[in-house]
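In terms of our numbering, the sequence shown is numbered consecutively and its last residue is 144.
Beta carbons: idealized from backbone N, C-alpha and C, even for Gly.
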Amino acid sequence: MNKLKIFIADDQPCVRKAVRLTLERMNDLAIIGEACDAIDMLTKLKSLRPDVLIMDWELPGLAGSTLYGLRVILPETTIIALSSRPENQRLALGFGANGFVNKSAPPETLMHTMNALTHRSMQAVAVS
Numbered sequence: 017m018n019k020l021k022i023f024i025a026d027d028q029p030c031v032r033k034a035v036r037l038t039l040e041r042m043n044d045l046a047i048i049g050e051a052c053d054a055i056d057m058l059t060k061l062k063s064l065r066p067d068v069l070i071m072d073w074e075l076p077g078l079a080g081s082t083l084y085g086l087r088v089i090l091p092e093t094t095i096i097a098l099s100s101r102p103e104n105q106r107l108a109l110g111f112g113a114n115g116f117v118n119k120s121a122p123p124e125t126l127m128h129t130m131n132a133l134t135h136r137s138m139q140a141v142a143v144s
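Given below as structure tokens:
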């Protein structure tokens, strides 16, 4: 099975690191890039073409219409929006995100959301 290609976009380095550390425990995915703002994200996504984009809904420079544009250039990419504001869930899903995870949710929530959206059974790698 090919590894799932993941891209992380968040303006907070601590959030990007936490997401990366959570996902690095999984053996069937590869983190192929990161961005700290919408311009950087869009530039990188055109060439990297990830299977899954995990992005902060409040990413600097991001407008809801940006998500529509992403759907045009990356129609097969699964988009998971992150936010510390649960009220953003409806808005993110309305603009085309496939899933939504509250930043205060346990790390397993992100893994379960990815699993459900990509229809994969993700296995954790034992870390000693």
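| Item | Value |
| --- | --- |
| Thinking C-alpha only, which one of A121, T94, P123 is nearest L109? | T94 |
| At which residues does the alpha helix (DSSP H) containing K21 begin and terminate? | From DSSP, K21 is part of no alpha helix (DSSP H) but of the beta strand (DSSP E) over 20 to 25. |
| Which ranges would you report for the beta strand (DSSP E) in the stretch 55 to 136 if only whole runs of at least 3 residues count? | 68 to 72, 94 to 99, 115 to 118 |
| Less than 7 Å separating the beta-carbons of W73 and S99? | yes |
| Measure the alpha-carbon distance for K21 versus A46 and round it to whole angstroms. | 5 Å |
| Along the chain, where does the beta strand (DSSP E) containing E40 start, and where does it finish? | No beta strand (DSSP E) contains E40, which DSSP labels as neither H nor E. |
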